Amino acid sequence: MSIGEMLAATVPMVRTLNLEYLETTPERAVLALPDQGDFHNHIGGPHAGAMFTLAESASGAIVLAAFGDQLSRAVPLAVSAEIAYKKVALGPVTATATLGRPVADVVAELDAGKRPEFPVAVAITREDGAVTGEMTVVWTLRPNN
């Protein structure tokens, strides 16, 4: 089962918004939010809350891809999130997430008994490639004990 399939099966909001997992690797996660009238705002584009969920979901997908092998000893948790809406989004939008720290550095902190934190940057774009939003989610790997 792919990460996208697993998240779609276990996270109700992923199914509610019909998020599409286009790419999920430890280097990059790309998710799409189809254009759906039920999730439009007052100007006919995707609602800010739907775009937030899209971007946060992309950040979670890359975290699972990068640190899935650590799940037996730590749980990934979002610590904080900040989003900036840059341009009007109309139609379908795509979120592309990238890790802000090398995986090896984060795992080394976990190995040293620390609770590492690391940022994930997400760009939200519309079909013409324009960046409509940017989000940073800070994640942690909380040791199980």
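Going letter by letter, the sequence shown gives residues 10 to 154 in our numbering.
Using N, Cα and C, we set each Cβ at its ideal position, and we do this for glycine too.
Everything numeric in this text was worked out from a predicted model, so none of it was measured.
- Judged by DSSP secondary structure, Thr107 falls within the beta strand (DSSP E) whose first and last residues are Val102 to Leu108.
- In this chain, the alpha helix (DSSP H) harbouring Gly58 covers Ala57 to Phe76.
- DSSP lists Ile92 and Val131 as the bridge partner or partners of Met144.
- For the pair Ala64 and Gly138, the CB atoms are not nearer than the 8 angstroms cut-off.
- Residue environment analysis places Ile133 among the buried positions, since at least 16 neighbouring C-beta atoms fall within 10 angstroms of its C-beta.
- Cβ contact annotation for Asn50 (same chain, cutoff 6 angstroms, sequence separation greater than five): His56, in chain order.
- Contact holds between the region 68 to 81 and the region 106 to 116, because three or more Cβ pairs, one in each stretch, are under 8 angstroms apart.
- When Val88, Ala83, Ala121 and Ala93 are compared, the shortest CA-CA separation from Val131 is found for Ala93.
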